[in-house]
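The sequence shown begins at 1 in the UniProt record's numbering and counts up by one. Each residue gets a CB set at the ideal place from its N, CA and C atoms; glycine is no exception. Accompanying notes for the structure given below.
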Amino acid sequence: MSWGPDWIIEIVSPTSKRMDYYTKLSIYRAAGVREYWIVDPMRESITVYDMEHDAAPVIYHFTDKVKASIYDDLEIDFAEVKRLVSGK
Numbered sequence: 001m002s003w004g005p006d007w008i009i010e011i012v013s014p015t016s017k018r019m020d021y022y023t024k025l026s027i028y029r030a031a032g033v034r035e036y037w038i039v040d041p042m043r044e045s046i047t048v049y050d051m052e053h054d055a056a057p058v059i060y061h062f063t064d065k066v067k068a069s070i071y072d073d074l075e076i077d078f079a080e081v082k083r084l085v086s087g088k
């Protein structure tokens, strides 16, 4: 039974790290979430779980453009996001 959204993006904080990487991953997988991204500002990384294809997680960095596999034409340029957020 699938009751979750297709795609979830979590922003990790030091206090939520264990919850985001382990507990929520299991909950979201059971709920039928197709893709789960964990954005870690401290490590400047994005961990992408493509649960629809049961693929191993892929780790990207804030210098990368990351494509959402469940959408044909959606790509997020994290270097640009970082630039906009930092105001530089």
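What is the rounded straight-line gap between the Cα of residue i and the Cα of residue j?
i: residue 73; j: residue 26; result: 27 Å
i: residue 28; j: residue 43; result: 23 Å
i: residue 6; j: residue 35; result: 6 Å
i: residue 30; j: residue 61; result: 27 Å
With residue i as the anchor, note down where its alpha helix (DSSP H) starts and where it stops.
i: residue 81; result: 78-86
i: residue 27; result: 24-31
What's the call for residue i, buried or exposed, on a 16-neighbour Cβ count within 10 Å?
i: residue 85; result: exposed
i: residue 49; result: buried
i: residue 66; result: buried
i: residue 11; result: exposed
State yes or no: is the C-beta of residue i nearer than 7 Å to some heavy atom of the ligand SAM?
i: residue 61; result: The model on display carries no ligand, and the ligand SAM is accordingly not part of it.
Give the single residue among the options whose Cα lies nearest to the Cα of residue i.
i: residue 33; options: 61, 3 and 88; result: 3
State the start and end residues of the unbroken beta strand (DSSP E) segment that holds residue i.
i: residue 89; result: The requested residue 89 does not occur in the structure, where the chain is confined to residues 1 to 88.
i: residue 47; result: 45-50
i: residue 61; result: 58-61
i: residue 70; result: No beta strand (DSSP E) contains residue 70, which DSSP labels as neither H nor E.
i: residue 37; result: 35-40
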